[in-house]
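So the number in this note's numbering is just where the residue sits in the sequence shown, counting from 1, plus 546. Beta carbons are placed, not taken as given, at the ideal position from N, Cα and C, and that holds for glycine. Worksheet for the structure shown next.
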Amino acid sequence: MAIDQGPAPGAAGLSDESYVELTPGQRLLRFLDRNSVWVLLAIAVLAASLLTKFEILQNILNLGAAVSSLGMLVLAQTVVLLTRNFDLSTEANMVFGAVLAGVLISPVTILGEGTADQLNLGGRGWSTGAVLPILLIVCTAVGLANGLLIVKLRMNNFMVTLGMSILLYGLTLVVGVGRQLTTIPEAFRWLGKTRIDIGEDLKFPISAIFLVLVFVVFHYVLTRTVYGRRIYAVGSNRDAARAAGINDGNVIIGAYVVSGLLCGIAAWLLVGRLGAAQAGISADALFTSFAAAVIGGVSLGGGRGRIFGVFGGLLLMGTITNALNISNVEGKWIPVANGLVILFAIFIDGLRNIRAARLTGS
Numbered sequence: 547m548a549i550d551q552g553p554a555p556g557a558a559g560l561s562d563e564s565y566v567e568l569t570p571g572q573r574l575l576r577f578l579d580r581n582s583v584w585v586l587l588a589i590a591v592l593a594a595s596l597l598t599k600f601e602i603l604q605n606i607l608n609l610g611a612a613v614s615s616l617g618m619l620v621l622a623q624t625v626v627l628l629t630r631n632f633d634l635s636t637e638a639n640m641v642f643g644a645v646l647a648g649v650l651i652s653p654v655t656i657l658g659e660g661t662a663d664q665l666n667l668g669g670r671g672w673s674t675g676a677v678l679p680i681l682l683i684v685c686t687a688v689g690l691a692n693g694l695l696i697v698k699l700r701m702n703n704f705m706v707t708l709g710m711s712i713l714l715y716g717l718t719l720v721v722g723v724g725r726q727l728t729t730i731p732e733a734f735r736w737l738g739k740t741r742i743d744i745g746e747d748l749k750f751p752i753s754a755i756f757l758v759l760v761f762v763v764f765h766y767v768l769t770r771t772v773y774g775r776r777i778y779a780v781g782s783n784r785d786a787a788r789a790a791g792i793n794d795g796n797v798i799i800g801a802y803v804v805s806g807l808l809c810g811i812a813a814w815l816l817v818g819r820l821g822a823a824q825a826g827i828s829a830d831a832l833f834t835s836f837a838a839a840v841i842g843g844v845s846l847g848g849g850r851g852r853i854f855g856v857f858g859g860l861l862l863m864g865t866i867t868n869a870l871n872i873s874n875v876e877g878k879w880i881p882v883a884n885g886l887v888i889l890f891a892i893f894i895d896g897l898r899n900i901r902a903a904r905l906t907g908s
């Protein structure tokens, strides 16, 4: 006899109340709670189109390419947050991977000015087929190191990933010597750069298609697989998950490994889109990805969040950044806007937690 296991814990949001018991006002509030990110996104797009020269269709296509690498970091944050942990090393991991790939794939003499300071790659850069696996393996290894330190040595996840972030930024400066690496071959740039001509001066970026496919895969994994259910279970109540026979340590290590792999993919997409790699290649990506995940419905307390909402959070953050750039807002105000968005994300998470506590009577 088949047993209906139901949806993954937390995958569908907060507990359902019967529509019969809700007033129209309560129904509206519940709708806004579950779809607030999409409401905000619609408002942001409308405001951008009215207040700036925001050509909606073309900018949506450009947005898909611009946020493709950020989307990988948002997913990395999401998977770790669902286990009730943090990963502050995602941006540094991506940047280190990007610079490492740039160094390995660029032609001769890319480091230093003197003969003793030069990095000789044998007369030509390494091939894409050699560099890409190295990039993904190194970034994944960083995630594995985070997970092992946190689980096996029982170190604080915040401090471990913060320390790893500082270490990686230092290594980035050592490897890249602060230089911009621009001799990136077209083969390595294919995924991040290629666009399909769809007529009327519109070109659809391949990276946007890839982004959507990755989000669909993660939605399936988190809601339809045993590992996805275990991620929600560990994040919701680690002790209860352990009592149910779930190896919570392996689940958390796996989440950090996935986070590292996604950082490697993000580095590949970023270098492909920009055609360059350097230490400051992606400012504020850590906090932007964090805000996108939380605004999209991922709880800081773990065990709750939906990929559908996270995708909306990503598009919202991308739309805000795009609108600010088009409006020619002074650069000094962009960190202010990012800070306000992050505080708003934490505020929204607090409201969700209060509502969840009321529903459970705790």
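ask   = Which whole runs of the alpha helix (DSSP H) in the region 777-803 are 4 residues long or more, in chain order?
value = 784-789
Residues of its chain near residue 889, where Cβ-Cβ distance is below 6 Å and the 5 sequence neighbours each way are ignored = none
task = Measure the beta-carbon distance from residue 956 to residue 802 and round it to whole angstroms, keeping in mind my assumption that it falls under 8 Å.
result = Because the chain in this structure spans residues 547 to 908, residue 956 falls outside the shown range and cannot be described.
key: Nearest-angstrom beta carbon gap, residue 864 and residue 851 [assumed within contact, 8 Å]   = A Cβ-Cβ distance of about 19 Å is found for the pair residue 851 and residue 864, leaving them out of contact under the 8 Å criterion.
query = Count the other CB atoms within 10 Å of the CB of residue 856; is the residue buried (16 or more) or exposed (fewer)?
reply = buried
task = Spatial neighbours of residue 646 within its chain, please: CB distance less than 7 Å, with the 5 preceding and 5 following residues excluded, ordered by chain position.
result = 681, 684, 721
ask   = Should the region 830-843 be called in touch with the region 877-894, which here means at least 3 C-beta pairs below 8 Å?
value = Contact holds: three or more Cβ-Cβ distances are below 8 Å.
Pairwise C-alpha distance: residue 619 and residue 897 = One C-alpha to the other measures close to 25 Å.
request  = Evaluate residue 910 with the Cβ neighbour count: other Cβ atoms within 10 Å of its Cβ, from every protein chain shown; 16 or more gives buried, anything less gives exposed.
outcome  = In this structure the chain extends from 547 to 908, so residue 910 is not present and cannot be described.
request  = Give the DSSP-derived three-state secondary structure of residue 896 in the structure shown.
outcome  = helix
task = Kindly indicate which three-state DSSP category residue 646 falls into: helix, strand or coil?
result = helix
task = Helix, strand or coil for residue 662, going by three-state DSSP, please let me know.
result = Residue confidence for residue 662 is low, a pLDDT of 37 falling below 50, so the modelled location carries little weight and cannot support an answer.
message = Once the 5 residues before and after residue 728 are set aside, which same chain residues still bring their CB inside 6 Å of it?
response = 822
Residue 849 (DSSP reduced to helix, strand or coil) = coil
Buried or exposed (CB count within 10 angstroms, at least 16 for buried), residue 748 = exposed
message = For residue 900 and residue 848, what's the separation of their Cα atoms in angstroms?
response = Roughly 14 Å separates the two Cα atoms.
ask   = Rounded to a whole number of angstroms, what is the C-alpha to C-alpha distance between residue 805 and residue 687?
value = 10 Å
ask   = Is it a yes or a no for the region 629-648 touching the region 809-819, going by three-plus beta-carbon pairs under 8 Å?
value = Contact between the region 629-648 and the region 809-819 is present, with at least three C-beta pairs closer than 8 Å.
task = Tell whether a beta-carbon distance below 9 Å holds between residue 714 and residue 635.
result = yes
ask   = So is residue 712 buried or exposed if we call it buried at 16+ other beta carbons inside 10 Å?
value = exposed
task = Identify which residue in 761, 673, 894, 695 has its Cα closest to the Cα of residue 808.
result = 761
ask   = Which residues in the same chain as residue 792 place their Cβ atom closer than 7 Å to its Cβ, once the five residues preceding and following it in sequence are excluded?
value = Excluding residues within five positions, the ones whose Cβ falls inside 7 Å are 776, 779, 780.
task = Buried or exposed for residue 633, please, with buried defined as at least 16 other CB atoms from any protein chain shown within 10 angstroms of its CB.
result = Buried.
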